[in-house]
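Here the structure is laid out as structure tokens; the discussion comes afterwards.
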Amino acid sequence: MTNFSVSYIRDLLAFHVEAGVDVALGDAPVNRFAAAAAARAAKPAEAPPVRPASSASSSLAPSPLVPPRPAAPRAVPSVAPSPVMAAQPPDEAVMAAREAARAAGSLDELRAILDAFEGCPLKRTATRLVFADGKPEARVMFVGEAPGRDEDAQGLPFVGRSGRLLDLMMGAIGLDRTSAYIANVIPWRPPGNRTPTPQETAICLPFIRRQIELADPDILICLGNPSAQTLLGITEGITKTRGRFFSYDTGKRTIRAMPTFHPAYLLRTPLGKRLVWRDLLEVEAALGEAKT
């Protein structure tokens, strides 16, 4: 039997948890496909039914004493429209999201509008809205992609293993959840932690843009490639864009924005931590320049 290290097993379990596999059905894996194939092979073949012999005349002509009965009309069950059937088309949902986001005059109003918004299908599968955490008036705002299982359970962004690593990242430059603001592009957890679809991202985009505008930070940090590409409109990968400052128009003014690796990526690839450390030092230096 192969011996695995404790760190390898911990990382493997973390990978499955982040992928949405959070329930064990047995002590050992079971190949359901092989079991089904074995059951079909063991089942004896059924012999074709034997019809009783009948005369040609009786098979061709109906009995005159028993007229044929008309077939009963087939009942069609009534099906109530499901939430998926009643959902808005994506283009209409995007327009509704833009109008709803513009109507928010404060972060509290924006949260209430998101609570009542029904245009995103992710809301129907999530446990609760994951709006934000931290200090809304902070100079630095972190934005990830979407909540995970722990975030969906608590209603706060970055509270699982990724959140604990983010706390350490912030602490390295003197920040914490009382001096930074944290949110996600998508405020509802996708089922099984899957990647949000382009339509779901487009529907949620007006809300996170309005959230950034109302928070009005000095520096925006995009955690991970999806957040950076969605908010900054860039097409290059995170390995090429991390550590560089981009301009972001909040709607009120232009601020500096930097992409960097997502904490979940760092849990799987610890070597990336040294690169994020450099990125955070650049952010710390930029904050110091803004004060002088």
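My numbering applies: residue 12 is where the sequence shown begins, and numbers increase by one. Cβ coordinates follow ideal geometry from the N, Cα and C atoms, glycine included. Treat the numbers as computed from the prediction; the structure is a model and nothing was measured.
Length of the line joining the Cα atoms of residue i and residue j
i           : j           : result
residue 260 : residue 266 : 6 Å
residue 210 : residue 136 : 16 Å
residue 241 : residue 216 : 8 Å
residue 89  : residue 228 : Any reading at residue 89 needs caution, since the residue's pLDDT is 43, under 50, leaving its predicted position unreliable; the model's value is listed next. Their Cα atoms are separated by approximately 53 Å.
residue 147 : residue 117 : 10 Å
residue 145 : residue 286 : 25 Å
residue 277 : residue 296 : 23 Å
residue 92  : residue 203 : Its pLDDT being 41, under 50, residue 92 is placed unreliably in this model, and the coordinates cannot settle the point.
residue 192 : residue 179 : 15 Å
residue 134 : residue 109 : 17 Å
residue 250 : residue 48  : 45 Å
residue 190 : residue 45  : 55 Å
residue 300 : residue 218 : 30 Å
residue 243 : residue 115 : 22 Å
Contact under 9 Å by Cβ, residue i with residue j
i           : j           : result
residue 166 : residue 140 : yes
residue 221 : residue 262 : yes
residue 289 : residue 230 : no
residue 187 : residue 171 : no
Nearest residue (CA-CA) to residue i, options the options
i           : options            : result
residue 232 : 138, 186, 122, 152 : 152
residue 1   : 196, 181, 183, 201 : Look at the range of the chain in this structure, 12 to 303, and you will see that residue 1 is not part of it.
residue 103 : 213, 292, 208      : 213
residue 283 : 182, 185, 188, 176 : 176
residue 194 : 186, 168, 208      : 168
residue 255 : 198, 224, 293, 172 : 293
residue 159 : 206, 122, 189      : 206
residue 120 : 138, 50, 142       : 142
As an exercise, report each continuous beta strand (DSSP E) stretch of at least 3 residues that is fully enclosed by the segment 173-232, in chain order.
192-195
Unbroken beta strand (DSSP E) runs of length 3 or more, entirely within the segment 105-177: which are they? 151-155
Discussion item. Whether or not the segment 231-241 and the segment 126-133 are in contact is what I'm after, with contact meaning three or more pairs of Cβ atoms, one per stretch, closer than 8 Å; do they touch?
Written reply: no
Which parts of the segment 257-294 are runs of the beta strand (DSSP E), unbroken and 3 residues or longer, counting only runs that do not cross its ends? 257-260, 265-271
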